[in-house]
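Chains as they are written, first to last, in the numbering used here: chain A, 911 to 1202; chain B, 1084 to 1379.
Glycine included, C-beta positions come from ideal geometry on N, C-alpha and C.
All figures in this text were calculated on a predicted structure; none of them were measured in a lab.
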Amino acid sequence: MTTVAATSGVPTRRRAQSARVLVRAILLLLVAAGALFIMLPLLWMIVTSLKEQHETYLMPPWRLPAVPQWRNYLTALTDLPFGRYYLNTLTIVVPVLLADVLANALIAYGFARLRGPGKDVLFLIVLSTMMLPGQVTMIPVYILFSKLGWINSYRPLIVPALFGNAFFIFLLRQFFRTISTELDDSARIDGCGYFSTLWRIIMPLSKPALATVAIFSFMANYNDFFGPLIYLNSNEKFTAALGLQFFQVRRGASPWHLLMAATVVNIVPCVLLYGFAQRLFIQGIVFTGVKG
Amino acid sequence: MKRREAVAFYTCISPWIVGFIVFSAGPILASLILSFAEYSITSPPVFAGLANYRLMFAGDPLFWHSLKVTMIYTFGAVPLGLVLSLTVAVMLNQKLPGLSLWRVMYYLPNVVSGVAVALLWTIIFNKQFGLLNWLLYKALHITGPGWISSKQWVLPSFVVMSLGGGGGPMVLYLAALQGVPTDLYEAGQIDGAGSWRRFASITLPMISPTVLFNVVTAVIATFQTFTSAYVMTNGGPQNASLFYGLYLYRNAFRYFKMGYAAAMAWVLFTLILIVTFVLLRSSSFWVYYETGGKGM
């Protein structure tokens, strides 16, 4: 009886197993198809950037150029002063990055570690400003900056970073709270004040979180379009993102090969950064999204 | 000691307090006041009562039109994005080989600037030489529409494009799925629940806080769509993609009707508050919190 059950059980089990393998193969195929949907446009962008203009009208669209036109990159980047646009972008992105890391670490330290009256209410306000749409504050803030005579300067794009950012405060505060308070206490016994505790204990232990803030800050400001669009109006002050859009306006969309060459250059820093630091990225996103 | 700590606390958060007053609370109040005025920056503001709101609701068809455009886009992009990013996350969670590689690829479009994505999709959507219509023709023998140059297809185009950004929510779903305790599944299996039943009765409730979070952030983001519309179509053809954010921008920075734009911003703000409130309120019916408390 038992032997019968055992022998008849083997083929069904094997069948079930092969069905499972099949399901997984189908799933893998679907996932790969989705990834292709995502990657194909990016690959096509690179292929197009290496074509001659007449080749952009040839079918099939992903046909490789007869001879890769590397000079498209030179043409695209010198057609407008892109070198200058990238320098301009750096003059915004670097100070903002420093301010984002330092100011938010300080603020988050207060919320994570120190007690004071009204703290819970204040933190709730921090969280609610994350949901605040930029459009609501943008007009008075623009008027404020224009009254200060800051239009067409980088100050409106840099100065607000000194005052913290709700998203980063939240991210760092969550991280700081995972660090054992015993470390603070022993630092206190050794004579560290609040601020040197932050500087000597908390910040060195929070390097991954601070790096995540730095990366997100870089990405957000490097890619920002709306801020530069409303605050910068003279050509030589443009950022890379604004210059890219200006390139399309000036040349029209038709020289696809040049437009795509300029676009490839524009996305390279972020893609590289993402490639090297993707673990920090994923951690950062997950940290703020799930552990609410 | 306690007092010293309170002083240190307020010192630490003082940048945020100043920033909150100057860049959030003050401007919110100012834009509310401004919404009852006429103001072009160059001349001093003039009190206008409800004129801006009256014009908006009764005398400006473009206001209603831009609201409609934004709503259609939101109702297309948010549910589709939700289903798609959740589906991919569930598939990836079946311990498929190469998980981290797939995840990297799916998230990639999220790190590329809005302008670059918009320019790329502009040529993908090209009627004659674009990638999309070629694929449609090759695979299905369909002659594709003009996409962003067509009045009927421009909003579906934006929805299609938005799906490329689904990697962001997907990463969150994946993390939530990985956080579902396996013993729940084992218990379900013992009770004879099939895989669909296990998904509906275990997985979905367990990850529902993440669904809520993603829906709320997605709605807020789509309500504010700007860069893609500005770069790709600038509202065209014939205002068919005149998103609310774009029309607001034009009023503020093209026509310098700051009072009117502030009124529009307040309407947007109110709408976002209502939608967020409804979603959060309704969440007690469909979001399961393990601790019994409120998440988010």
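Where B/Ile1100 is concerned, the enclosing alpha helix (DSSP H) starts and stops at Lys1085 to Gly1102. Residue contact check for A/Arg1025 against chain B: a CB pair falls below 8 Å. Not a single C-beta of chain A is nearer than 8 Å to the C-beta of B/Met1139.
Look at the beta carbons and you see the stretch 1145–1162 of chain B touching the stretch 1232–1247 of chain B: at least three pairs across the two are nearer than 8 Å.
Comparing alpha-carbon positions, the option among B/Lys1340, B/Phe1119 and B/Asp1266 lying closest to B/Met1289 turns out to be B/Asp1266.
Here B/Phe1130 is bridged, per DSSP, to B/Ala1120. At a cut-off of 8 Å between C-beta atoms, A/Trp954 counts as an interface residue with respect to chain B. By the criterion of a C-beta distance shorter than 7 Å, B/Lys1234 is surrounded in its chain by Pro1320, Gln1321 and Ala1323, once the five residues flanking it on both sides are discounted. Spanning the alpha carbons of B/Gly1251 and B/Phe1241 requires a straight line of approximately 17 Å. A/Asp1030: member of the alpha helix (DSSP H) spanning Lys1029 to Met1040, first to last residue. Our two residues, A/Ile936 and B/Leu1167, have alpha carbons roughly 16 Å apart in a direct line. The C-beta distance from B/Leu1117 to B/Pro1128 rounds to 7 Å, short enough to meet the 8 Å contact threshold. Proximity of A/Tyr1141 to chain B, defined by a Cβ-Cβ separation below 8 Å, is not satisfied.
Among the residues facing chain A, B/Ile1231 is not included, as its CB has no counterpart in that chain under 8 Å away. Put simply, the backbone Cα of A/Ala1187 is about 27 Å away from that of A/Arg994. For A/Gly1044, the residues of chain B that pass the 8 Å Cβ criterion are Gln1307, in the order they occur in the chain. Taking a Cβ-Cβ threshold of 7 Å, the residues of chain B close to A/Gln1155 are Val1198 and Val1314, in chain order. Under the three-state reduction of DSSP, A/Cys1102 is assigned to coil, being neither helix nor strand. The Cβ-Cβ distance between B/Phe1326 and B/Val1152 falls below 8 Å.
Annotated three-state conformation of A/Asp1134 is coil, per DSSP. By the criterion of a C-beta distance shorter than 7 Å, A/Tyr1052 is surrounded in its chain by Ile1140, once the five residues flanking it on both sides are discounted.
Listed along the chain, the chain A residues whose CB falls inside 7 Å of the CB of B/Trp1185 are Val941 and Ala945.
For A/Gln1158, the three-state secondary structure derived from DSSP is helix. If you ignore the 5 residues before and after B/Leu1133, its C-beta comes within less than 8 Å of the C-beta of Phe1119, all in its own chain and listed in chain order. Across the structure, B/Asn1317 and A/Gly1185 are spaced so that their CA atoms are roughly 33 Å apart. Close partners of B/Met1188 in chain A (Cβ separation under 8 Å): Ala945, Ile948 and Met949.
Straight across, the Cα-Cα distance linking A/Phe1077 with A/Asn1145 is about 32 Å.
With respect to the 8 Å criterion, B/Leu1202 and A/Thr1039 are not classified as neighbours on the basis of their beta carbons. The Cβ atoms of A/Lys1117 and A/Asn998 lie no closer than 8 Å to each other. Closest in alpha carbon position to A/Met969, among B/Val1237, B/Lys1210, B/Gln1261 and B/Leu1356, is B/Lys1210.
Between B/Leu1191 and B/Ala1141, the alpha-carbon positions lie close to 44 Å from each other. Where B/Ile1303 is concerned, the enclosing alpha helix (DSSP H) starts and stops at Leu1287 to Phe1306. The beta carbon of B/Gln1307 sits closer than 6 Å to those of Gly1328, all from its chain and outside the five residues before and after it, given in chain order. Contact between A/Ala1124 and A/Phe1085 is absent: CB atoms are separated by about 13 Å, not below the 8 Å threshold.
In the displayed model, B/Gly1109 falls within a helix according to three-state DSSP.
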